[in-house]
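Here's the structure we're looking at; comments come further down.
Residue numbers (my numbering), protein chains in the order written: chain A, 1 to 523; chain B, 1001 to 1355; chain C, 2001 to 2370.
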């Protein structure tokens, strides 16, 4: 019913033949898109398909090489974000465009400051307006709170308040639910519905099929920079969309097979960890991971997972508790010792931690093992052995690269991650710690890495998986622990756990009442 | 009490603190005078770093401006004896000299802005070039000029607080300490307050803070990051120019090679110590001013008793090195707790990359 | 390193030097009224003298090499630190304290056999330079104080240390001005020409040693990893804090050795007002040589030639020797603004940037402690 209404409404936005080339890649290839008044139009595509580039063009952040943009039927030139804003376009970016040290009010006003006189801002009037807007959309908030102290869900609302404050007619949301729990997602969906009822048009970018089916009035699918099809949710399903999006039939869930858990490999008891500012953010966590099983930790980002992983990788000293690796105490051990005891670690940030981008693949392939034979003897490196190793890694893991001597920075994200994974997987492991192992990768790379994880598990390694992608945790884990405010609040069977069940625990920690506004660890 | 003062260590420390207080009380005016170039330099750094541009070339900017201001003033003066200076020793040549110094500061800043914002060169290297080239070119030209020396145009005079006002118990001290200065120092005091207020209450302040923390976010709200950074760096050049003018047109009245003697680098430390706020930077500059003053006081007005005996045994070089030592100690002590603007030193690229 | 790679890497630096010479010529013309009246040919006279003084005679060539030696060592002291993501502006202070140590030990062992006095004095200089270099490394690793400011402060402090020691405890009795006693038997033997002393050899030995260390040893790999990816280094089990201290100490030792070469090889004592520009010159050499030992060798020779020729330039053209400093700044400018070089010469050439400097800027602005 909603669908037919939306289809007959006038077009709010039309993009015609939009093309953008980056060196070596056509990000957008003659894309056509029309969005009608008061509809939620989903833009579906894999990571790297060109969705974000298209929206950056609409928002004036990227200049297109060809094509035109029409608003309400009239061609417009959008050369900068201020053009976009003055035309009534607002955008909520995938990575929040919020300044953490500024207050809620300052973040909202920035760029459109109400002035009391030519020099000073009118803060009082602005605060009243912000409270009113918040009340109307069910997100009333203290304008003087520092944005950095808010939970991710509330930061998202501040982003939307920014758009409302600017009276947006067209609101673009780029992967808005990536960091939210299913419950928070529902709440945001309610807000979006309220907005479309007021006549706002929404472009909703996502790669999550079920979400798009739930919220969108119409769906446009992009693959490799081209529009490959349009659908209406009532006339399609997940399999159809997935095939459209990836270009071939995809298995939506990896076949993880049976697991055969053995001895406990990693035993964590009562571990406490502090963050950089000295606040305790992991409050006595206990769990164990057995040989031959995948233990997944689900949780909203910022609930202590990062610090927990760093403590288990030797990058951060725990302030209490013990850690054992196959019976040996490794509490507070150095990364080198953990590595030598058979721990492999794939860090979340491959650009900062996993790789040295300026170094060739040869050096990167031995980043954690360069100091021992055959790669070096004493102080002397053996460059031939290192090169042979790199060639093996490239062949075994199908890394697409012209040569092992090119810098890691020249590879695509998926191939970079394969180098990291290959390096860490390429030996007998007792424990494998995976922190966001597939973040930002294309479906092909994700499938490949997931298969390797299962293979490693079946070879007898204990696998600890930490991921903000609930789907990934559900897909790979034999057991799932949910982390909330620095504690593991539940451990569930990976096969029987449902998205809703885990999501509720992620949002509330199993306690009653609404989710918190202020993030964990924020003073 | 008498016993305490004679305990070897504690006594000496107490005596020293007492001496320090008396130096601060009797030399308030000098402390502020000596803090001026550091405070102005730190304000220049503030303008740069708050909007995300690191400037370690303040030393060079100051030195170059000091030279240009002095030389232009001397040229305009043409060797004539100064006649009828206005209030604060104001003369036409000096005024032109200050304008020239400011112009020099802005010109060098424009170079820094171009290199670090447009070219997106390494900002630390850009500052280093400025320091090296300023020292070289002023040294080169000064040598040439000194072969046919021209008389300088003199310098500004301090405001003379009327004797009746100065003799009022507390107020008098405050007035002589804060008002008994030349025009550049007085300007600095006003600027500290004005910039502090503007930082938190004006549109410019909010935008600068946003651009220094998260330029991409600012740009998505329609703020021109590049233009704001240019404007702030150039305005910072005005402050560095004033600092330079202070050396040759207010404090000494002539130019010597390398006369800034590290004050521009100490200003960087003051900015960090002052947590990137104008008031904080001024407070930090005072600490260095005190260190400077202490060195002079010990030589010209040494304390009596045990402390005097002890201090007179300390080589004079230790006191000369004091501001530099204090800088290191302050940096080592506060850096971990003083958090810079998040985008400080990061060149900004406007166009988003393919994702 | 193949010839092609050398050529690719040297295009931008070479053209930057050309542009700097052009800019220098403009400055000389504009300042010529202050010398002997406006003279458009003065730059040619000056540059001709510069070349003659450095390469025009056997003594000139020796002088070039002798001048280049401390620049090469200082260039390595800055360049190797670059590789670790550190900006060692303190080569000046490390040079001075190292030189002072050599002067002190040299004076003390002035009458001991040279075979004892020379190694001990050199080692003392290296040790003191290393210790003085380790201070900012330690401060950065354990307090987060950035080396850009601390090394500069230590340069000033080194000046006062020298002034104190030379005018106080070590002042030579009976000298007409404040200086340390002669180093006597500790002075380095002259191997070639008028002043081609033994210290020069050390600079040329240091080049392959540094290259091997950086590119063929595990510790060099660790140092480079800390510079190119500090977080990755921690993840890989390296110890960045320790490596920073070690690197700074190593660089300080090189600068200290340079100081010893000047004192034991040239002056024979340390005067109170010993002034040097070698620290800043080292920055120019390291940047021009792109922080690579081979690049540093050539850059050091070039700047050494400019220093060697500056005397003749002053005599024959009346252009003060400080012109060489002006030229250095100009070279750095065009090197940094390489976009300008590409535009003027319409070429596409490999960038001459030292990429690890990114880490310097990031640690200055961003996170405090490594």
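All residues carry an ideal CB built from backbone N, CA and C; glycine is no exception.
Check: Distance between residue 1194 (chain B) and residue 112 (chain A) (C-alpha atoms, nearest Å); Outcome: 23 Å
Check: Alpha helix (DSSP H) segment containing residue 416 (chain A), residue limits; Outcome: 413 to 425
Check: Proximal chain B residues relative to residue 2274 (chain C), where beta-carbon distance stays under 9 Å; Outcome: Simply none; closest approach about 14 Å.
Check: The alpha helix (DSSP H) enclosing residue 2328 (chain C), as first and last residue numbers; Outcome: 2323 to 2336
Check: Cβ shell of residue 2368 (chain C) (< 6 Å), same chain only, five flanking positions each side left out; Outcome: Because the pLDDT of residue 2368 (chain C) is 36, which lies under 50, any placement of that residue in the model is unreliable, and the question is left without a value.
Check: Residue 298 (chain A), DSSP secondary structure in three states; Outcome: strand
Check: Inter-residue spacing [alpha-carbon to alpha-carbon] between residue 1102 (chain B) and residue 57 (chain A); Outcome: 42 Å
Check: Local conformation of residue 20 (chain A) per DSSP, three classes; Outcome: strand
Check: Inter-residue Cα distance where the pair is residue 2207 (chain C) and residue 180 (chain A); Outcome: 56 Å
Check: Cutoff 7 Å; reference residue 1121 (chain B); Cβ partners in own chain excluding five residues on either side; Outcome: 1115
Check: DSSP three-state assignment for residue 226 (chain A), whether helix, strand or coil; Outcome: strand
Check: Identity of the residue in A:328, A:435, A:256 and A:352 nearest residue 452 (chain A) by Cα; Outcome: A:256
Check: Interface partners of residue 1207 (chain B) on chain A, CB under 9 Å; Outcome: 110, 111 and 113
Check: Other residues of its chain near residue 318 (chain A): CB distance less than 7 Å, five sequence neighbours each side excluded; Outcome: 271, 272, 273, 311, 331 and 332
Check: Spatial neighbours of residue 1127 (chain B) in its chain, beta-carbon cut-off 6 Å, leaving aside the 5 residues before and after; Outcome: 1055, 1056 and 1057
Check: Residues, ordered as in the chain, of the region 1210 to 1222 of chain B that lie near chain A by beta-carbon distance below 7 Å; Outcome: 1210, 1213, 1214, 1216, 1217, 1218, 1219, 1220, 1221 and 1222
Check: Touch test, the region 1070 to 1078 of chain B against the region 1027 to 1046 of chain B, Cβ-Cβ under 8 Å, three pairs minimum; Outcome: no
Check: CB contact check: residue 1191 (chain B) to chain A, cutoff 7 Å; Outcome: no
Check: Candidates A:466, A:420, A:52 and A:287, of which the one nearest residue 226 (chain A) by Cα; Outcome: A:52
Check: Beta-carbon gap between residue 294 (chain A) and residue 493 (chain A) smaller than 7 Å; Outcome: no
Check: Those runs of the alpha helix (DSSP H) which lie wholly inside the region 2201 to 2265 of chain C and span at least 4 residues; Outcome: 2218 to 2228, 2230 to 2235 and 2240 to 2262
Check: DSSP-derived helix/strand/coil call for residue 2356 (chain C); Outcome: coil
Check: Beta carbon proximity, residue 1139 (chain B) to chain C, threshold 7 Å; Outcome: yes
Check: Bounding residues of the alpha helix (DSSP H) (the contiguous stretch that carries residue 1278 (chain B)); Outcome: 1278 to 1300
Check: Residue 90 (chain A), DSSP secondary structure in three states; Outcome: strand
Check: Contact check, residue 2203 (chain C) vs residue 2073 (chain C), beta carbons under 7 Å; Outcome: yes
Check: 7 Å Cβ cutoff, residue 204 (chain A) in contact with chain B; Outcome: no
Check: Within-7 Å CB hit, residue 1133 (chain B) to chain C; Outcome: yes
Check: Cross-strand partners of residue 103 (chain A) (DSSP beta bridge); Outcome: A:146
Check: Reference residue 32 (chain A); option with closest CA among A:26, A:73, A:25 and A:19; Outcome: A:19
Check: Below-7 Å beta-carbon distance, residue 1202 (chain B) vs any chain D residue; Outcome: The question asks about chain D, but that chain is absent: this structure's protein chains are A, B and C.
Check: Assigned secondary structure, residue 62 (chain A) (DSSP; H/G/I helix, E/B strand, else coil); Outcome: coil
Check: Burial state of residue 290 (chain A), where buried means 16 or more other Cβ atoms lie within 10 Å; Outcome: buried
Check: Exposed unless 16 or more other CB atoms sit within 10 angstroms - verdict on residue 415 (chain A); Outcome: buried
Check: Coarse secondary structure for residue 1112 (chain B), derived from DSSP in three states; Outcome: helix
Check: C-beta atoms of residue 407 (chain A) and residue 390 (chain A) nearer than 7 Å; Outcome: no
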